[in-house]
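Have a look at the structure below before the remarks.
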C-alpha cells in the first residue's frame with residue numbers, strides 16, 4: 192500500500208471513531224431529553240464546555256481582537272447555530288435516532304442550494320439531480336402525511352436547514368474572521384439566551400445527570416480533535432463520507448437502548464440521502480467545475496454552539 196493509501200486509511204479510521212463518539216454524544220442528549228427541555232441541556236452543555244474552549248484558545252497565536260470583521264454575517268451565523276442546536280436537541284429527544292440523522296444528512300444538499308446565491312457557486316445538472324434525489328429521500332424517510340410526522344421531525348429538518356446556512360456563511364467569511372470569533376460567539380449567545388430561559392424551564396438535576404452533561408462535553412471535544420486529525424491525515428473526499436456511519440450507530444443505539452428499530456422506508460430514504468451526498472462530494476472533488484467546494488470544505492458536524500467545533504479548532508490546535 193502506498194503512503195497516500197495508508198494516510199487515507201488512517202484518516203478514515205480516525206473519522207469513524209470521531210463520528211462514533213458524536214453519535215454517543217447524541218445518545219446522551221436523547222437520554223437527558225426525556226427529563227429536561229433542550230434549553231436546559233444546552234445551557235449546561237455550554238457551561239461545561241468553556242474549560243475546553245479556554246484550553247483550545249491557549250494555542251491560538253493569531254493576532255487580533257474578538258470583534259468580528261463581518262458583524263452582520265457573524266450575527267446571522269450565530270442565530271442560525273442557536274436555532275439549529277435547539278432544534279437538533281429537541282429532535283433527538285422526541286424522534287427515533289435514525290430518522291433524526293436522515294434529516295440532518297440533508298444538510299449537504301441544502302448547502303449546495305444556498306451556495307448559489309451566497310457564494311456564487313454554479314451548480315450543474317448533475318448536482319441538481321443529486322439534490323432532488325436526496326430531498327426525495329428525506330420525504331421517504333420522514334413520510335409526511337403518514338400520521339407519524341410530528342414537531343420533532345420538523346425540528347430535525349429545521350436543524351439541517353439552519354446548520355447548512357451557518358456552514359455556508361463560514362465559507363463566505365471564514366478567511367477573514369479569527370477562529371476564536373467563530374468559536375466563541377455562538378457559545379456565548381447560547382449561554383446568554385439559554386441562561387435567560389433558565390428561571391422558566393429549570394428542573395433540579397441529580398449528580399448523575401450533571402455527570403452526563405460533563406461526559407457530553409468531553410465526547411464532543413475529543414471527537415472534534417480526532418476529526419481535525421483525520422482531515423490533516425487524509426483527503427477530505429475520504430473523510431467527509433465517514434459522517435454517514437452515524438446512521439449505523441443510530442440503528443445500534445436505538446435498538447439496544449430505546450427500542451427503536453428503523454423500518455424499511457427509513458433505510459431507503461436514508462440510503463438515497465447518503466447516495467446523493469456522496470455524489471455531491473465526489474462531484475466537487477473530481478468534477479472540476481465547483482469553485483468553492485462548499486460541501487467538501489464543511490469539515491465540522493452540524494454545529495449546536497455548545498462546544499468547540501472542528502472548523503475553528505482546526506486553525507487553533509496544531510496536530511502532527
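In our numbering, the protein residues as written are 192 to 511. Each residue gets a CB set at the ideal place from its N, CA and C atoms; glycine is no exception.
Three or more C-beta pairs below 8 Å linking the stretch 427-437 and the stretch 224-231:
no
Excluding five sequence neighbours on each side, which residues of the same chain lie with their C-beta closer than 7 Å to the C-beta of residue 398?
Here the question's residue 398 lines up with position 207 in the chain shown. Excluding positions up to five away in sequence, the list is empty.
Measuring CB atoms only, is the stretch 418-428 touching the stretch 253-273, in the sense that at least three cross pairs come out at less than 8 Å?
no
Just the Cα atoms here: how many angstroms apart are residue 400 and residue 278?
What you label residue 400 is simply residue 209 of the chain shown in a count that begins at 1. What you label residue 278 is simply residue 87 of the chain shown in a count that begins at 1. Approximately 21 Å between the Cα atoms of the pair.
Spatial distance of residue 202 from residue 390 (CA atoms):
Within the chain shown, residue 202 is the residue found at index 11, counting from 1. Within the chain shown, residue 390 is the residue found at index 199, counting from 1. Straight-line Cα distance between these residues: approximately 45 Å.
Taking 8 Å as the CB-CB limit, is residue 332 close to chain D?
Judged by its chain identifiers, the structure shown contains no chain D, having just a single protein chain.
Quick one: residues in its chain with C-beta nearer than 8 Å to the C-beta of residue 417, no 5 flanking neighbours on either side, listed in chain order?
Here residue 417 refers to the residue found at position 226 when the chain shown is read from its first residue. Contacts found: 205, 206, 208, 209, 212.
Could you tell me the distance, in whole angstroms, from the CA atom of residue 380 to the CA atom of residue 408?
Here residue 380 is taken as the residue at index 189 of the chain shown, counted from 1. Here residue 408 is taken as the residue at index 217 of the chain shown, counted from 1. Those two C-alpha atoms are separated by around 17 Å.
I'd like the span of the alpha helix (DSSP H) that includes residue 542, first residue to last.
This structure does not reach residue 542, given that the chain is present from 192 up to 511, and the question cannot be answered.
State the Cα-Cα distance for the pair residue 265 and residue 446, rounded to the nearest angstrom.
As a first step, residue 265 must be located in the chain shown, where it is residue number 74. As a first step, residue 446 must be located in the chain shown, where it is residue number 255. The straight-line gap from Cα to Cα measures roughly 40 Å.
Please check the pair residue 450 and residue 312, which I expect to be a contact at CB under 8 Å, by giving their CB distance rounded to whole angstroms.
Here the question's residue 450 lines up with position 259 in the chain shown. Here the question's residue 312 lines up with position 121 in the chain shown. Actually they do not touch by this definition, with Cβ atoms about 43 Å apart.
Taking the C-alpha atoms as reference points, what is the distance between residue 302 and residue 334?
On the chain shown, position 111 is the one that residue 302 refers to. On the chain shown, position 143 is the one that residue 334 refers to. Using only the alpha carbons, I get a separation of about 22 Å.
For the alpha helix (DSSP H) holding residue 261, just list the boundary residues, first then last.
Residue 261 sits at position 70 when you count from the first residue of the chain shown. First-last for residue 261: undefined, no H or E at that position.
6 Å CB neighbourhood of residue 260 in its chain, flanking five on each side removed:
Residue 260 sits at position 69 when you count from the first residue of the chain shown. Result list for residue 260: 367, 368, in chain order.
Whose C-alpha, out of 442, 349, 370, is nearest the C-alpha of residue 270?
The residue you call residue 270 lines up with position 79 of the chain shown. It is 349 whose Cα lies nearest to the Cα of residue 270.
Consult DSSP for residue 249 and reduce its assignment to one of helix, strand or coil.
Locating residue 249 in the chain shown gives position 58, where the first residue counts as 1. It is coil, neither helix nor strand.
Residue 326 and residue 468 - do their beta-carbons sit closer together than 8 Å?
Locating residue 468 in the chain shown gives position 277, counting from the first residue. Locating residue 326 in the chain shown gives position 135, counting from the first residue. Contact: no.
Quick check on residue 195: buried or exposed, where buried means 16 or more other Cβ atoms within 10 Å of its Cβ?
Your numbering for residue 195 matches position 4 in the chain shown. By the neighbour-count rule (16 or more Cβ atoms within 10 Å), residue 195 is not buried but exposed.
Between which residues of its own chain and residue 217 is the CB-CB distance below 6 Å, once the five residues before and five after are set aside?
Indexing the chain shown from 1 puts residue 217 at position 26. Closer than 6 Å at Cβ, skipping near neighbours: 283.
Ignore the nearest five residues each way along the sequence and tell me which others in residue 413's own chain have a CB closer than 7 Å to its CB.
Taking the first residue of the chain shown as 1, we reach residue 413 at position 222. Answer for residue 413: 212, listed in chain order.
Alpha carbon of residue 509 to alpha carbon of residue 243, nearest angstrom:
Position 318 of the chain shown, counted from the first residue, corresponds to residue 509. Position 52 of the chain shown, counted from the first residue, corresponds to residue 243. With a pLDDT of only 44 at residue 509, under the threshold of 50, the placement of this residue in the model should not be trusted; the figure read from the coordinates follows. Taking the straight line joining both Cα atoms gives about 15 Å.
When 410, 198, 489, 443 are compared against residue 432, the one with the closest alpha-carbon
By one-based count along the chain shown, residue 432 stands at place 241. Here the closest residue by C-alpha is 489.
From the DSSP output, in three-state form, read off residue 449 for me.
Within the chain shown, residue 449 is the residue found at index 258, counting from 1. Helix at residue 449.
Pairwise C-alpha distance: residue 352 and residue 224:
Indexing the chain shown from 1 puts residue 224 at position 33. Indexing the chain shown from 1 puts residue 352 at position 161. Each residue's Cα considered, the two are about 22 Å apart.
Whole-angstrom C-beta distance between residue 329 and residue 294, which should lie under 8 Å:
Numbered from its first residue, the chain shown carries residue 294 at position 103. Numbered from its first residue, the chain shown carries residue 329 at position 138. Rounded, the Cβ-Cβ distance is 6 Å, consistent with contact.
When DSSP labels each residue in this structure, what does residue 193 get in the three-state scheme?
Locating residue 193 in the chain shown gives position 2, counting from the first residue. Coil.
Assigned exposure category for residue 276 - 16 Cβ within 10 Å defines buried:
Indexing the chain shown from 1 puts residue 276 at position 85. Answer is buried; the Cβ neighbour count reaches 16.
Please classify residue 363 as buried or exposed, where buried requires at least 16 other C-beta atoms within 10 Å of its C-beta.
Residue numbering aside, residue 363 sits at position 172 when the chain shown is read from its first letter. With 16 or more other Cβ atoms within 10 Å, it is buried.
Using the three-state DSSP reduction, which class does residue 385 fall into: helix, strand or coil?
Residue numbering aside, residue 385 sits at position 194 when the chain shown is read from its first letter. Here residue 385 sits in helix by DSSP.
Between the alpha carbons of residue 235 and residue 442, how many angstroms are there, rounded?
Mapped onto the chain shown, residue 235 falls at position 44. Mapped onto the chain shown, residue 442 falls at position 251. Going by the C-alpha atoms only, they are around 27 Å apart.
Out of curiosity, what's the CA-to-CA distance linking residue 470 and residue 477?
By one-based count along the chain shown, residue 470 stands at place 279. By one-based count along the chain shown, residue 477 stands at place 286. Computed Cα separation, rounded: 10 Å.
Residue 225 - containing alpha helix (DSSP H), residue span:
One-based indexing of the chain shown puts residue 225 at position 34. Neither: residue 225 is in no alpha helix (DSSP H) and is coded neither H nor E.
Along the alpha helix (DSSP H) that carries residue 475, what are the first and last residues, could you check?
The count along the chain shown starts at 1 and reaches residue 475 at position 284. Start and end: 455-477.
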